[in-house]
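Same order as they appear, the protein sequences are chains A and B. In terms of our numbering, the first sequence is residues 1 to 276. In terms of our numbering, the second sequence is residues 1001 to 1276. Below: one structure, written as structure tokens.
2 protein chains.
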Amino acid sequence: MGTNMIRSAVTVSLVPEARGGPFVYWDDLAGAARKAAGLGYDAIEIFPSGPESIEVGELQKLLSDLNLKVAAVGTGAGWVKHKLNLCLPEDEQRGRARAFIRSIIDVAGQFGAPTIIGSMQGRWDGASREVATAHLVGALNELGEHAKQYGVPLIYEPLNRYETNHCNTLAQGVALLERLSTKNVTLLADLFHENIEEVDTAAGLRAAGKHVGHLHFVDSNRRPAGCGHIDYRPIVAALKDIGYSGYASAEALPYPDSDAAAKTTIEAYRKHFGNH
Amino acid sequence: MGTNMIRSAVTVSLVPEARGGPFVYWDDLAGAARKAAGLGYDAIEIFPSGPESIEVGELQKLLSDLNLKVAAVGTGAGWVKHKLNLCLPEDEQRGRARAFIRSIIDVAGQFGAPTIIGSMQGRWDGASREVATAHLVGALNELGEHAKQYGVPLIYEPLNRYETNHCNTLAQGVALLERLSTKNVTLLADLFHENIEEVDTAAGLRAAGKHVGHLHFVDSNRRPAGCGHIDYRPIVAALKDIGYSGYASAEALPYPDSDAAAKTTIEAYRKHFGNH
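Written out as structure tokens, the structure is:
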């Protein structure tokens, strides 16, 4: 085991409205945890419908039995299910979006897991870019500080141009983080988005350096790693060089099915990240 | 000059509503033609607001003077400007979409140029997939036959998953063409879309073979060729092996500006396709 151990994780979605989305396992959290443990994953990444999707005590016991961690918890249901995001025009809508994310942070925190802001960042449309960016900055400051009590960061994810117009590249993500008053927000590098947006993903990761807090390990077509055309070697080298020691988490389509996607990813993880 | 000469083209958009889109030159058709000729391009690809955007006699004279061809004419204004596409639920809307495309074919034909169906293919949403596909198949048959009188094909473009749910890959495009009664429809391979959708773009081009009728020569981030991470060598080898002898056309963002994008692309064209 190296000093910069990068651990493996696999996603499970509990959000029926997200059907078709890039999640490996679906609906059955306990079943997904057992399968992940059986394949040798270190952790699961959970996309709940809301805080009520996770029975904290029950899941803690199951994960303890399986020796499995929670890599991160996603907040996309706030958008997919409730049509909330952090840049909507009405104060009341933005307040509900922040409350939803706080409620997820409060659950994730009990597992020592960070919370991810992806689609909940919204986009600037009606409001001017400056106004929307100010809303996003304010929310990240508030939510990043809220996460501190659990000893975990808040994770912000740059998305490709079709999913947001805030930050598409890692460099834009770093520039956003530098505007924050809180130091408790890190970046999620999703290799599917990077394939579209980065001139050179490895160089983007090196430049983002210490700000990289989470990795979605997925291929160019959003299928499991190895099913597209991403060359992982320079990416893995860059991650090791910047001292990244978080998860390589399979946020990928369940292609050709959930079980095969989980198996393909753990094999690719062992090939590219494995030193055990 | 080889037997499979692949010629160069650059895009010009005359559609104000498409501002921000992947077109190198904007608004001034005659000015763009002069600049393209000055840089040594073989052709321009035009995105008109409608048939009225192009003064046929005037443009024919200008292009003749400049020794420039029209590589293709796009129909995206039908969607961007008029909100029409070939799979809308109402007969009347679909009829107007086909009429718009026919009117473009009638202008393009006078330049010996094919017409492209990209965003005008629409997507299946309200209607079932079968119904929408039948609408698309019917339209491609009718419009492909309409183009015959000009001795040019109709060009169908698979788009990435965010832009359509009909055909994302070249293989899906070939399968669609095989359902048509007309033989006068070919595929557009856009390297930006392929970077997202193809497992291996060169292999996809080889498999599509004779069906490849047009190429958008652009990089992974939709900037001019050379500004992203696409490796063009295996792609160019595949195009030569399948006997492709159409255009390499710069449908790319005007990055960092129109003139620089046109210059970057023609240099990349000469590097990768040039045997003169």
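All C-beta atoms, glycine included, are put in the ideal place defined by N, C-alpha and C. Here the structure is a predicted model, which is why all the values come from computation and not from measurement.
Check whether residue i and residue j have beta carbons under 8 Å apart
i: residue 1154 (chain B); j: residue 1184 (chain B); result: yes
i: residue 197 (chain A); j: residue 160 (chain A); result: yes
i: residue 158 (chain A); j: residue 104 (chain A); result: no
i: residue 1151 (chain B); j: residue 1208 (chain B); result: no
i: residue 1010 (chain B); j: residue 1044 (chain B); result: yes
i: residue 1147 (chain B); j: residue 1115 (chain B); result: yes
i: residue 1191 (chain B); j: residue 1238 (chain B); result: no
i: residue 1029 (chain B); j: residue 1059 (chain B); result: yes
i: residue 143 (chain A); j: residue 121 (chain A); result: no
i: residue 1123 (chain B); j: residue 1164 (chain B); result: yes
i: residue 252 (chain A); j: residue 233 (chain A); result: no
i: residue 1026 (chain B); j: residue 1008 (chain B); result: no
i: residue 1171 (chain B); j: residue 1076 (chain B); result: no
i: residue 66 (chain A); j: residue 34 (chain A); result: yes
i: residue 1281 (chain B); j: residue 1073 (chain B); result: Shown here, chain B extends from 1001 to 1276; a query on residue 1281 (chain B) therefore has no answer.
i: residue 1261 (chain B); j: residue 1024 (chain B); result: yes
i: residue 1176 (chain B); j: residue 1213 (chain B); result: no
i: residue 1140 (chain B); j: residue 1084 (chain B); result: no
i: residue 1156 (chain B); j: residue 1117 (chain B); result: yes
i: residue 230 (chain A); j: residue 219 (chain A); result: yes
Chain-ordered chain B contacts of residue i [CB-CB under 9 Å]
i: residue 195 (chain A); result: 1195, 1196, 1220 and 1229
Chain B residues whose Cβ lies nearer than 7 Å to that of residue i
i: residue 190 (chain A); result: Correct list: empty, because the minimum Cβ distance to chain B is about 13 Å.
Strand pairing of residue i, partner residues [DSSP]
i: residue 1111 (chain B); result: Beta-bridge pairing links residue 1111 (chain B) to no other residue.
i: residue 1043 (chain B); result: B:1009 and B:1069
i: residue 1138 (chain B); result: Bridge partners of residue 1138 (chain B): none, in fact.
i: residue 1280 (chain B); result: The structure shown has nothing for residue 1280 (chain B), since chain B only spans 1001 to 1276.
i: residue 1154 (chain B); result: B:1115 and B:1185
i: residue 26 (chain A); result: A:13
i: residue 74 (chain A); result: A:116
Residue i: contacting residues in chain B (beta-carbon distance under 8 Å)
i: residue 200 (chain A); result: 1229
(message) Taking contact to mean 3 or more Cβ pairs, one atom from each stretch, closer than 8 Å, check whether the region 1233-1243 of chain B and the region 250-257 of chain A are in contact.
(response) no
(message) Beta carbons nearer than 8 Å to chain A: which residues of the region 1227-1259 of chain B have them?
(response) 1227, 1228 and 1229
(request) Output, in sequence order along the chain, the residues in the region 142-160 of chain A whose CB is closer than 7 Å to any CB in chain B. (result) none
(message) To be precise: take each residue of the region 161-172 of chain A, compare its Cβ to all Cβ atoms of chain B, and keep it if any distance is under 7 Å. Which residues remain?
(response) 162
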